[in-house]
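All residue numbers for the sequence shown refer to numbering that gives the first Met the number 0, where the first residue is 0 and numbers rise by one.
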Amino acid sequence: MKGIPMRINVLQHTPNEGPGMIQDWSDKNGYEMFIYHPYQFGYLPTADETDMLVILGGPMSPNDDLPWIKQERELIQELLNQDKPIFGVCYGAQQIVKTMGYQVTKSPAKEVGFAPVYRRDVKFLNIPEELNVLHWHEEMFEVPEQAQLLFSSDKVENQGFILNHRVVGLQFHLEPKEDNVREIVVNDFPYIKGSVLNQTSEEILQTKISDDNKQTLYKLLDYIIEK
Numbered sequence: 000m001k002g003i004p005m006r007i008n009v010l011q012h013t014p015n016e017g018p019g020m021i022q023d024w025s026d027k028n029g030y031e032m033f034i035y036h037p038y039q040f041g042y043l044p045t046a047d048e049t050d051m052l053v054i055l056g057g058p059m060s061p062n063d064d065l066p067w068i069k070q071e072r073e074l075i076q077e078l079l080n081q082d083k084p085i086f087g088v089c090y091g092a093q094q095i096v097k098t099m100g101y102q103v104t105k106s107p108a109k110e111v112g113f114a115p116v117y118r119r120d121v122k123f124l125n126i127p128e129e130l131n132v133l134h135w136h137e138e139m140f141e142v143p144e145q146a147q148l149l150f151s152s153d154k155v156e157n158q159g160f161i162l163n164h165r166v167v168g169l170q171f172h173l174e175p176k177e178d179n180v181r182e183i184v185v186n187d188f189p190y191i192k193g194s195v196l197n198q199t200s201e202e203i204l205q206t207k208i209s210d211d212n213k214q215t216l217y218k219l220l221d222y223i224i225e226k
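The following block contains the structure:
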């Protein structure tokens, strides 16, 4: 008799930033994915019905005084206490950090578009030393003392962290496929203005996504669910 598949609960925070390749990874492994939209409907899963939590990006800030944002952090804290895997992207990574009592502040540079990030001293993951990834942010997180710095960019040092074999937070986006990037750009192109990366919508859309991004994403996801 087959066991119950892993339940991955996803918190999505804007219509144009979905799970992308995280969904592909889930399907490939036979997991069940449930996508919640707390910004619109106000519902969140419970910790008990969550085997793994994915917290996606969005236009809001963890510093915003909204009830559902605080409720998300209550869920994150329960999962941290239970040592369950959590994967945070952009705003999602910031939410994890904020839950742990660390700061989310204005970034020294607004990064919107494709630019490299560099792996720091986390060689055990066997991931590339450099990746060309999608950035879409102007805030950044403080890396918790208990965590290891995972990635940095030329403009923003704190681009990723890993914590206790169970939690990964990324300030940038590994999850979008090319059609996902198109959806982000056509709906949120005004946000590109003021980016230090100085890319146009067309330049962003013409950038090919390396298979290294997918392989790195899969390795990170596999790593945090390992027993």
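Glycine residues also receive a C-beta, built at the ideal position from the N, C-alpha and C atoms.
{"Item": "Counterpart residues of Asn131 in DSSP-defined beta bridges", "Value": "Pro115"}
{"Item": "Limits of the unbroken beta strand (DSSP E) element including Val87", "Value": "In the sequence as displayed, the identity of residue 87 is Gly instead of Val. Ile85 to Val88 is the span of the beta strand (DSSP E), which, as asked, contains Gly87."}
{"Item": "Cβ-Cβ separation, Glu77 to Lys105 (assumed contact under 8 Å), whole Å", "Value": "About 29 Å separates the two Cβ atoms, so there is no contact after all."}
{"Item": "Bridge partner(s) assigned by DSSP for Lys105", "Value": "Glu138"}
{"Item": "N- and C-terminal bounds of the alpha helix (DSSP H) containing Asn245", "Value": "The shown model of the chain, from 0 to 226, leaves out residue 245, and the question about it has no answer."}
{"Item": "The region 86 to 102 in contact with the region 124 to 132 per 3-pair CB rule at 8 Å", "Value": "no"}
{"Item": "Coil, strand or helix - Leu219 by DSSP", "Value": "helix"}
{"Item": "Sub-7 Å separation of Asn8 and Phe33 beta-carbons", "Value": "yes"}
{"Item": "Chain-order list of residues whose beta-carbon lies under 6 Å from that of Thr49 (same chain, five-residue window excluded)", "Value": "Asn8"}
{"Item": "Per-residue DSSP class, three states only, for Met0", "Value": "For Met0, the predicted model reports a pLDDT of 37, less than 50, meaning its position is unreliable and no value from the coordinates is stated."}
{"Item": "For Phe160, the three-state DSSP class (helix, strand or coil)", "Value": "strand"}
{"Item": "Per DSSP, cross-strand counterpart(s) of Val53", "Value": "Val9 and Phe86"}
{"Item": "Buried or exposed by the 16-neighbour rule on C-beta atoms within 10 Å, applied to Pro14", "Value": "exposed"}
{"Item": "Local Cβ density within 10 Å of Ile3, reported as buried at 16 or more and exposed below that", "Value": "exposed"}
{"Item": "Leu216, buried or exposed, once every other Cβ within 10 Å from all chains shown has been counted against 16", "Value": "buried"}
{"Item": "Span separating the alpha-carbon of Glu141 from that of Ile203", "Value": "28 Å"}
{"Item": "Unbroken stretches of the beta strand (DSSP E), 3 residues or longer, contained in the region 12 to 71", "Value": "31 to 35 and 51 to 54"}
{"Item": "Cβ pair Ile54, Gly91 closer than 7 Å", "Value": "yes"}
{"Item": "Cβ pair Gly29, Lys176 closer than 7 Å", "Value": "no"}
{"Item": "Cut-off 6 Å between Cβ atoms - residues of its own chain near Gly230, not counting five sequence neighbours on either side", "Value": "Given that the chain is displayed from residue 0 to residue 226, the structure contains no residue 230 and the question cannot be resolved."}
{"Item": "Backbone CA spacing between Leu220 and Glu129 [nearest angstrom]", "Value": "18 Å"}
{"Item": "Whole-number beta carbon distance between Tyr117 and Phe230, since they are thought to touch under 8 Å", "Value": "Residue 230 cannot be examined here, being either before or after the span of the chain that is shown, 0 to 226."}
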